[in-house]
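Engineer:
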Amino acid sequence: MMKLAIATLTSLALTTSLVQAQQVYTGGDDLPTNPLACDGTPGTATPMDYDGGTPTNAPDRAGQTLTVVDVPKLVGIGYFAATTQGIMEAAAELNMNATTDGPTRANIDDQITLIDNYITSGVDGILFAANDPVAIAPVLRRALEAGINVVGYDANSEPDARQWFVNQAEFNGIGKAMIDQLAAEIGEDGAFAIVTSTFTTPNQARWISEMAAYQAECYPNMRWLETVEAQEDNILSFNQANTLINKYGDELDGIAGMTSVATPAAADAVTQAGQCGNIAVVGLATPNAMRPYIEADCVKSAVLWNPIDLGYAAAYVLRAAADGTLNPGDTSVEAGRLGELQVINGSEVLLGAPFVFTADNIADFDF
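In numbering that gives the first Met the number 0, the protein residues as written are 0 to 366.
Below is the structure:
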């Protein structure tokens with residue numbers, strides 16, 4: 000009887016361990032996913048009604064000089080320096096006075112305080128990249144109630160808390176690009192981990208959820224070991240990547256970085272650990288940050304879009320919203336040198352497909 004009890008407990012322990020191993024928390028969200036086809040067949044978008052907000056009693060701003068504040072997740076990193084550059088380029092074309100004023104760390108409370116202050120001081124428009132989609136929504140709704148035009152980019156809020164959101168790439172497109180690159184480098188049965196900023200950062204949570212769905216469908220033998228948070232902090236990102244390297248040893252085939260900080264930090268950790276060629280690093284990052292690792296052949300690729308274009312597009316969308324040339328139900332918007340951008344998902348403007356930087360093309364970019 001004792002042997003039977005011990006055997007039963009052992010079996011339960013093994014079963015529990017297996018279930019836990021199969022339910023590795025990915026750091027994604029609980030929203031429905033829409034993985035793209037494994038063979039690359041383009042997805043089809045389902046038309047949706049406008050679900051954004053509307054400024055209350057907004058004055059007629061058509062053709063008027065706009066005073067606009069840009070509040071990114073944080074300042075002081077290359078990625079948001081690039082979006083600011085794009086905003087300023089567009090502002091020079093659009094009769095717009097724009098300034099960037101973000102927190103020095105990716106902190107939602109600091110971001111809310113900044114936006115609140117600009118509502119009080121009075122601006123015509125607010126551009127933002129949210130650190131938390133839910134927490135930022137009330138202050139953005141206050142901006143709309145004050146008659147301010149509100150447009151998001153990079154990281155969304157709840158839809159009704161802004162008018163439009165400029166999406167750098169569709170979430171399932173990023174998910175496919177990331178997993179396809181990982182599979183190409185670590186094999187279809189390789190094991191990988193993720194370094195993200197926080198589990199609540201909206202765009203990264205969506206990308207990770209779509210990565211999980213696409214990987215399960217198209218590369219079912221790949222193993223997802225762990226997802227760790229590192230804020231948008233270079234030292235913490237390096238330490239988290241280093242911890243993964245030490246924790247999993249030979250089991251770890253690849254690291255996916257979900258931020259422009261985490262990816263080069265992971266590449267640095269792999270380099271310093273002497274694991275170039277053994278542990279692949281794939282992730283979202285600016286080409287300037289990844290150039291040393293790609294040119295040294297420690298990293299094969301980085302996935303991104305042009306953040307200068309993203310900021311540029313966001314400013315054009317805000318101008319169009321303020322002028323009344325972009326309205327609910329429209330299917331496209333003109334965006335200067337970017338041409339005509341498509342409206343998707345009711346109230347999102349799509350910048351375009353993700354881009355893969357490699358040794359063959361990275362020298363062509365400087366941001």
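Even for Gly, the Cβ is constructed at its ideal location relative to N, Cα and C. Nothing here was measured: the structure is a model prediction, and the numbers come from that model.
Leaving out five residues before and five after A4 in sequence, what residues of the same chain have Cβ atoms less than 6 angstroms from its Cβ?
Structural biologist: Note that A4 scores 39 on pLDDT, short of 50, meaning its location in the model is unreliable; the coordinates nonetheless yield the value given after this. Nothing listed; no residue qualifies.
Engineer: Closer than 6 angstroms by C-beta to E225: which residues in its own chain qualify, once you throw out the five before and the five after it? Chain order, please.
Structural biologist: Around E225: A192.
Engineer: Can you tell me whether E157 is helix, strand or coil according to DSSP?
Structural biologist: Here E157 sits in coil by DSSP.
Engineer: Going by beta carbon distance, what residues of the same chain come within less than 7 angstroms of V18, once the five residues before and after it are set aside?
Structural biologist: With a pLDDT of only 32 at V18, under the threshold of 50, the placement of this residue in the model should not be trusted, and no figure is reported.
Engineer: Return the bridge partner residues of N148 from the DSSP annotation.
Structural biologist: For N148, which the question treats as bridged, DSSP gives the partners G124.
Engineer: Compare the Cα-Cα distances from M87 to each of A352, F354, D308, G186 and report the closest residue.
Structural biologist: The candidate whose alpha carbon is nearest that of M87 is D308.
Engineer: Could you compute how far the alpha carbon of G345 sits from the alpha carbon of D296?
Structural biologist: Approximately 42 angstroms between the Cα atoms of the pair.
Engineer: Quick one: what does DSSP say W304 is sitting in, helix, strand or coil?
Structural biologist: W304 falls in the coil class under three-state DSSP.
Engineer: If you draw a straight line from the C-alpha of E255 to the C-alpha of I343, how long is it?
Structural biologist: One point to set straight first is that residue 255 is Ala, not Glu, in the sequence displayed. A255 and I343: Cα-Cα distance of roughly 27 angstroms.
Engineer: Evaluate S156 with the Cβ neighbour count: other Cβ atoms within 10 Å of its Cβ, from every protein chain shown; 16 or more gives buried, anything less gives exposed.
Structural biologist: S156 is buried by the Cβ-count criterion.
Engineer: Taking only runs that begin and end inside the region 181-263, name each unbroken alpha helix (DSSP H) of 4 or more residues, in chain order.
Structural biologist: Within the region 181-263, the complete alpha helix (DSSP H) runs of at least 4 residues are 201-217, 233-247.
Engineer: Just to confirm the assignment, what range does the alpha helix (DSSP H) spanning N344 have?
Structural biologist: Run containing N344: none; DSSP gives neither H nor E here.
Engineer: Taking C-alpha atoms, which residue in Q180, A89, Q167, D28 lies nearest to V133?
Structural biologist: Looking at the Cα atoms, D28 is the closest of the given residues.
Engineer: From V280, T25, A160, C37, pick the residue whose C-alpha is nearest to that of T53; which is it?
Structural biologist: Ranking V280, T25, A160, C37 by Cα distance to T53 puts A160 first.
Engineer: To test your reading of the DSSP string, which unbroken alpha helix (DSSP H) runs of 4 or more residues are found completely within the region 60-109?
Structural biologist: Runs found: 77-92.
Engineer: Per DSSP, what kind of secondary structure is E333 in: helix, strand or coil?
Structural biologist: Note: E333 maps to strand in three-state DSSP.
Engineer: Quick one: what does DSSP say L139 is sitting in, helix, strand or coil?
Structural biologist: The answer is helix: DSSP assigns L139 an H, G or I state.
Engineer: Report the option in V68, G75, V302, Y78 whose CA atom is closest to the CA atom of T98.
Structural biologist: Among V68, G75, V302, Y78, the Cα nearest to that of T98 is on V68.
Engineer: In whole angstroms, what separates the C-alpha of D267 from that of R290?
Structural biologist: The straight-line gap from Cα to Cα measures roughly 12 angstroms.
Engineer: Helix, strand or coil for G174 per DSSP?
Structural biologist: Helix at G174.
Engineer: Among L340, E339, A321, which residue has its Cα nearest to the Cα of R60?
Structural biologist: Selected option, being the one with the closest Cα: A321.
Engineer: Kindly indicate which residue of Q162, A279, L349, L283 has the alpha-carbon position closest to the one of T262.
Structural biologist: T262 has its Cα closest to that of L283, out of Q162, A279, L349, L283.
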